[in-house]
Amino acid sequence: MMNKAVKITLGLILVGSAVFAQSLADARKAIDAEQYQKGKAILNTLTSADPTNAENFFFLGNL
212 MMNKAVKITL GLILVGSAVF AQSLADARKA IDAEQYQKGK AILNTLTSAD PTNAENFFFL
272 GNL
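Using my numbering, you'd call the opening residue of the sequence shown number 212 and step up by one each time.
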């Protein structure tokens, strides 16, 4: 019973995190739609999560 509960919990966490995952494409879509604050927030999240990805910093700097 415990094993089944753990599997269900992990499955829900994974599905939930996939829904909230943001990408550079999402940031670019927001910027193209003139939603600059949303694009900036996404890019700030991306640069915090992966500080070695120069492309995220590039788009953040151009915003």
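In this text, a Cβ means the ideal position worked out from N, Cα and C, and glycines have one as well. Keep in mind it's a predicted model, so treat the numbers as computed, not measured.
For residue i, I'd like the list of residues in its chain whose CB is within less than 8 Å of its CB, leaving aside the five on either flank, ordered along the chain.
i    : result
Q233 : I253, T256 and L257
Helix, strand or coil, according to DSSP, for residue i in the structure here?
i    : result
G272 : helix
T263 : coil
Q248 : helix
Might you give, ordered along the chain, the residues of its own chain that have their beta carbon closer than 6 Å to the beta carbon of residue i, omitting 5 neighbours on each side?
i    : result
G272 : none
A237 : Strictly speaking, residue 237 in this sequence is Asp, with Ala absent from that position. Around D237: I253.
D261 : none
Starting from the C-beta of residue i, find all residues in its chain whose C-beta is less than 7 Å away, skip the five residues before and the five after it, and write them out in chain order.
i    : result
I242 : G250 and L274
E266 : L235
A244 : none
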